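Below you'll find the structure, written out as structure tokens, and then a few comments.
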Amino acid sequence: MRSLVVGASGGIGAALMRALNARGEVVGLSRRDDGLEVTDEASVAAALGALEGVFDLIVVATGALVLDRRGPEKTLKAVTAEGLAAQFAVNAIGPALVAKHALRLLPRDRVAKLAVLSARVGSIGDNALGGWYGYRAAKAALNQLVRCAAIEATRTHPQSVLVALHPGTVETGLAPALRVGHPAVAPEVAATNLLAVLDSLGPADTGGFFDWQGRVVPW
7 MRSLVVGASG
17 GIGAALMRAL
27 NARGEVVGLS
37 RRDDGLEVTD
47 EASVAAALGA
57 LEGVFDLIVV
67 ATGALVLDRR
77 GPEKTLKAVT
87 AEGLAAQFAV
97 NAIGPALVAK
107 HALRLLPRDR
117 VAKLAVLSAR
127 VGSIGDNALG
137 GWYGYRAAKA
147 ALNQLVRCAA
157 IEATRTHPQS
167 VLVALHPGTV
177 ETGLAPALRV
187 GHPAVAPEVA
197 ATNLLAVLDS
207 LGPADTGGFF
217 DWQGRVVPW
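In the working numbering, the protein residues as written are 7 to 225.
Next up, the structure:
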């Protein structure tokens, strides 16, 4: 098995790297180690264009909740154009650009999977609390982008599986203060859970949104 993790220096990304290393060859890309800036298409194209061969699994483990010291907006009054643009750039546009340039790295003659880390708060149907405007909206946009890409990918990669995954609350550097009161798991546990879900998914599941237990998350 040959795998690629984009966002390999983050908490979940690094844990995925360690777990996938036991399954075969794994390649990692990150801003810290490779200068990959997912919001810059030239950077994405250069990093992914330098890769050769195909990958059975590609995981996009990028994302951020707090950007430029701005935490999630609790009220509509706190929403700004700059804050929304930053959230969409990192949490929706970036992963979409990675998917755009990574599709060529999936084999066309067998099952191959591309997963993007999303978040349950991006679910419109599951939103009962409101708030977190930018992050929620960006993740909702990401889910739609994954859905569109999955439909298109089946035309050239009929056995492809493109999905959005909710990893649950994980003990990473992603705004630890905002996790207070929410049970969290270690990155290693999250990685194990995510890979178990990916192992269970097939082409019939492409375009779906699943949580760390393999349950469908409503749009």
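The beta carbon of each residue, even a glycine, is placed where N, CA and C say it ideally should be.
Treat the numbers as computed from the prediction; the structure is a model and nothing was measured.
Asked                                                                                                                                                                        : Found
The beta strand (DSSP E) spanning A121 covers which residue range?                                                                                                           : 118-123
Determine the DSSP secondary structure at I130, reduced to helix, strand or coil.                                                                                            : coil
Indicate whether R161 and G213 have their beta-carbon atoms separated by less than 7 Å.                                                                                      : no
Please state if the CB of A108 and the CB of I64 are separated by a distance shorter than 7 Å.                                                                               : yes
Does F61 come out as helix, strand or coil in the three-state DSSP assignment?                                                                                               : coil
Select from A170, G89, P164, A105 the residue whose C-alpha is nearest the C-alpha of W138.                                                                                  : G89
From the DSSP output, read off the bridge partner residues of V12.                                                                                                           : L35, V66
Answer yes or no: do V122 and R142 have a C-beta to C-beta separation smaller than 7 Å?                                                                                      : no
Count the other C-beta atoms from every protein chain shown that fall within 10 angstroms of the C-beta of A183, then say buried if there are 16 or more, exposed otherwise. : Any reading at A183 must be qualified, since the residue scores a pLDDT of 48, below 50, and its modelled position is unreliable; the value itself is stated next. So A183 ends up on the exposed side.
Would you call L23 buried or exposed, if buried means 16 or more other Cβ atoms sit within 10 Å of its Cβ?                                                                   : Checking the sequence shown, residue 23 turns out to be Met, not Leu. Under this definition M23 is a buried residue.
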